[in-house]
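There are 2 protein chains.
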Amino acid sequence: MIAHKHILGTFDESLAALRNNVLMMAGLTERSLERAMKGLVNRDDNICATAIADDEEIDQLEKQIDKDGVDILLRFQPVASDLRRVVAAMKLSSNLERMADMATTIARRARKLNRHPPLPEVELIRPMYEHAMSMFKDSVDAFVREDVDLGRAVVPRDEKLDQLNRAASHKLVERMAQDPDQLRGYLNLIFIGRCLERVGDHATNIAEDAVYAAAAEDIRHQTAAASV
Amino acid sequence: MIAHKHILGTFDESLAALRNNVLMMAGLTERSLERAMKGLVNRDDNICATAIADDEEIDQLEKQIDKDGVDILLRFQPVASDLRRVVAAMKLSSNLERMADMATTIARRARKLNRHPPLPEVELIRPMYEHAMSMFKDSVDAFVREDVDLGRAVVPRDEKLDQLNRAASHKLVERMAQDPDQLRGYLNLIFIGRCLERVGDHATNIAEDAVYAAAAEDIRHQTAAASV
Chain A
1054 MIAHKHILGT FDESLAALRN NVLMMAGLTE RSLERAMKGL VNRDDNICAT
1104 AIADDEEIDQ LEKQIDKDGV DILLRFQPVA SDLRRVVAAM KLSSNLERMA
1154 DMATTIARRA RKLNRHPPLP EVELIRPMYE HAMSMFKDSV DAFVREDVDL
1204 GRAVVPRDEK LDQLNRAASH KLVERMAQDP DQLRGYLNLI FIGRCLERVG
1254 DHATNIAEDA VYAAAAEDIR HQTAAASV
Chain B
1054 MIAHKHILGT FDESLAALRN NVLMMAGLTE RSLERAMKGL VNRDDNICAT
1104 AIADDEEIDQ LEKQIDKDGV DILLRFQPVA SDLRRVVAAM KLSSNLERMA
1154 DMATTIARRA RKLNRHPPLP EVELIRPMYE HAMSMFKDSV DAFVREDVDL
1204 GRAVVPRDEK LDQLNRAASH KLVERMAQDP DQLRGYLNLI FIGRCLERVG
1254 DHATNIAEDA VYAAAAEDIR HQTAAASV
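Quick mapping for you: the protein sequence lines, in order, are chains A and B. To get my numbering, take the position in the first sequence, counting from 1, and add 1053. To get my numbering, take the position in the second sequence, counting from 1, and add 1053.
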């Protein structure tokens, strides 16, 4: 499943193979997050189990991408934008691996929730999930298309996700205080919200790396005034 | 404060300057975690504020290290162990940045705790903190001394930290159920425990990168049987 052909290819072929593995990894990570959310909403332990099982393939892809990236640096000693593309692909895979870990955590907590009566507050999670996934998809698109404007536009969207998470956590803590019998359930939902907030952080990192790869500009850790 | 001299130096000088910045960043990150913990245990808002303020300098160091790392790759096109050392320094700085974020989160939650009566359960946090910091220090040592054995030895210690966190969370959830008035306080302690658990994850990453830099071996994501 992993592209190995580039071992004897040109730089362009090797870079294309590296990027293909990154895209495959992004696809698997997206699927894993979708499955975790489906397992949560549909209360389906089997779908949760597939999300958890996906993680191993994603971990192995990360190792392969790092290895291939270093091989490309060694063999071709790329400069300028070519070097940045290789470095960005390796960073992207590291962010994808952490997102896949979030999918695993969500699926594990969903399975715990499935052992107890349903909590209607699971609906608080859906808008966070949708916002985080849309950031994720756009950040990967920005990387693939080397679209600097799209990459830049993803970064400020993280603020909205943080707000959604704060608001959801606040409500869940209130419900917890009113109904201590469901305490562990609400706590699981709070942690799932936190996972989605971190998916947004990783999408932000990917968008920043996409801008770096395409425009040689490091837009991380800018002040609010400077980043608009 | 950041070492810039290497711009005109040899590869060895440039690499030494890069590593010095990584070590400075590690020192600041360690100090920030120490301050966050002191702010929590001593209920001192001012120390919490210094931990939070540290974060900006650490963020800027991360950007500088990434920039210098790419400059070194471009100018010297290092191979083999030299290339691995540069890549490992850049990865290390990314892990340090995330650890410093954890220090900030701990300090923020400590300030929230300081607004309410003290919770004796804060003592559950101390063994986690000590375990996480010892992993952190050893992982940085493994990187500095290129000590493969020490790097390998750090990785399995993460399991103990995970156990400490599970046990502490379990107790805190129980206390929460018994004393719903202190619900937000216990929740803050649970999140602080989770931050320390993640400090251990990043220390593990650093130890793995140290092994990679020194021995060209990728020991990430191995099965339990294979990693011992």
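Note that CB positions come from ideal geometry on N, CA and C, so glycine has one too. It should be emphasised that the depicted structure is a prediction, and the values quoted were computed from it without experimental measurement.
Between residue i and chain A, is the shortest Cβ-Cβ distance under 8 Å, so that the two count as touching?
{"i": "R1237(B)", "result": "yes"}
{"i": "P1323(B)", "result": "Lying before the first or after the last residue shown, residue 1323(B) is absent from chain B, which here runs from 1054 to 1281."}
{"i": "T1257(B)", "result": "no"}
{"i": "K1165(B)", "result": "no"}
{"i": "K1224(B)", "result": "no"}
{"i": "Q1130(B)", "result": "yes"}
{"i": "D1112(B)", "result": "yes"}
{"i": "A1141(B)", "result": "no"}
{"i": "K1213(B)", "result": "no"}
{"i": "V1123(B)", "result": "yes"}
{"i": "R1273(B)", "result": "yes"}
{"i": "L1127(B)", "result": "yes"}
{"i": "M1229(B)", "result": "yes"}
{"i": "L1081(B)", "result": "no"}
{"i": "E1250(B)", "result": "no"}
{"i": "L1136(B)", "result": "yes"}
In or out: residue i buried (at least 16 other Cβ within 10 Å) or exposed?
{"i": "S1067(A)", "result": "buried"}
{"i": "Q1216(B)", "result": "exposed"}
{"i": "N1095(B)", "result": "exposed"}
{"i": "A1269(B)", "result": "exposed"}
{"i": "D1191(B)", "result": "buried"}
{"i": "R1179(A)", "result": "exposed"}
{"i": "R1219(A)", "result": "exposed"}
{"i": "P1173(B)", "result": "exposed"}
Return the residue from the list the options that minimises the CA-CA distance to residue i.
{"i": "L1114(A)", "options": "A1260(A), R1137(A) and S1147(A)", "result": "S1147(A)"}
{"i": "D1121(A)", "options": "V1140(A), T1103(A), I1111(A) and E1109(A)", "result": "V1140(A)"}
{"i": "M1152(B)", "options": "C1101(B), L1086(B) and Y1182(B)", "result": "L1086(B)"}
{"i": "A1283(B)", "options": "L1145(B), N1073(B) and T1063(B)", "result": "As displayed, chain B neither begins before 1054 nor continues past 1281, which places residue 1283(B) out of reach and without an answer."}
{"i": "V1197(A)", "options": "R1161(A), R1128(A) and A1069(A)", "result": "A1069(A)"}
{"i": "D1194(B)", "options": "E1261(B), A1156(B) and D1097(B)", "result": "E1261(B)"}
{"i": "D1097(B)", "options": "P1171(B), H1223(B) and N1218(B)", "result": "P1171(B)"}
{"i": "Q1235(B)", "options": "M1229(A), Y1239(A), T1082(A) and Q1235(A)", "result": "M1229(A)"}
{"i": "L1177(B)", "options": "G1092(B), L1126(B) and L1225(B)", "result": "L1225(B)"}
{"i": "M1077(A)", "options": "A1089(A), I1100(A) and I1118(A)", "result": "I1118(A)"}
{"i": "L1081(B)", "options": "D1065(B), D1112(B), G1062(B) and Q1130(B)", "result": "D1112(B)"}
{"i": "N1258(B)", "options": "D1065(B), A1185(B) and F1244(B)", "result": "A1185(B)"}
{"i": "R1128(A)", "options": "E1083(A), D1108(A), E1227(A) and T1063(A)", "result": "T1063(A)"}
{"i": "L1071(A)", "options": "C1101(A), E1083(A), K1091(A) and V1123(A)", "result": "V1123(A)"}
{"i": "D1108(B)", "options": "K1091(B), E1083(B) and Q1130(B)", "result": "E1083(B)"}
{"i": "A1156(B)", "options": "D1065(B), Q1130(B) and K1091(B)", "result": "K1091(B)"}
To the nearest angstrom, report how far apart residue i and residue j are at their CA atoms.
{"i": "R1205(A)", "j": "D1232(B)", "result": "46 Å"}
{"i": "A1104(A)", "j": "D1154(A)", "result": "10 Å"}
{"i": "E1183(A)", "j": "A1133(B)", "result": "43 Å"}
{"i": "H1255(A)", "j": "M1143(A)", "result": "14 Å"}
{"i": "G1253(B)", "j": "T1158(B)", "result": "15 Å"}
{"i": "Q1275(A)", "j": "R1168(A)", "result": "44 Å"}
{"i": "E1212(A)", "j": "A1106(B)", "result": "20 Å"}
{"i": "E1110(B)", "j": "N1074(B)", "result": "12 Å"}
{"i": "V1175(A)", "j": "L1242(A)", "result": "7 Å"}
{"i": "S1222(A)", "j": "G1246(A)", "result": "8 Å"}
{"i": "D1135(A)", "j": "L1203(A)", "result": "20 Å"}
{"i": "A1163(B)", "j": "P1209(A)", "result": "27 Å"}
{"i": "V1207(B)", "j": "R1251(B)", "result": "14 Å"}
{"i": "N1099(B)", "j": "R1137(B)", "result": "41 Å"}
{"i": "A1279(B)", "j": "R1273(B)", "result": "For A1279(B), the pLDDT reaches just 42, beneath the cut-off of 50, and the residue's location in the model is therefore unreliable, although a value from the coordinates is still provided. A1279(B) and R1273(B): Cα-Cα distance of roughly 11 Å."}
{"i": "K1102(A)", "j": "F1244(A)", "result": "A small correction: the amino acid at residue 1102(A) is Ala; Lys does not occupy that position in the sequence shown. Looking at the two C-alpha atoms, the distance is approximately 18 Å."}
{"i": "E1227(B)", "j": "V1264(A)", "result": "46 Å"}
{"i": "D1065(A)", "j": "Q1130(A)", "result": "13 Å"}
Could you confirm whether any beta carbon from chain B is found closer than 8 Å to the beta carbon of residue i?
{"i": "M1090(A)", "result": "no"}
{"i": "H1169(A)", "result": "no"}
{"i": "R1179(A)", "result": "no"}
{"i": "K1190(A)", "result": "no"}
{"i": "L1093(A)", "result": "no"}
{"i": "D1119(A)", "result": "yes"}
{"i": "L1240(A)", "result": "yes"}
{"i": "L1068(A)", "result": "no"}
For residue i and residue j, which I take to be in contact (beta-carbon distance under 8 Å), what is that distance rounded to the nearest angstrom?
{"i": "L1149(A)", "j": "M1188(A)", "result": "So it is not a contact: roughly 14 Å between Cβ atoms."}
{"i": "D1271(A)", "j": "K1116(B)", "result": "5 Å"}
{"i": "A1089(A)", "j": "A1160(A)", "result": "4 Å"}
{"i": "M1181(A)", "j": "L1249(A)", "result": "4 Å"}
{"i": "L1166(B)", "j": "G1238(B)", "result": "6 Å"}
Any chance the CB of residue i is under 7 Å from a heavy atom of the ligand GDP?
{"i": "Y1265(A)", "result": "This structure simply doesn't include the ligand GDP, nor any ligand for that matter."}
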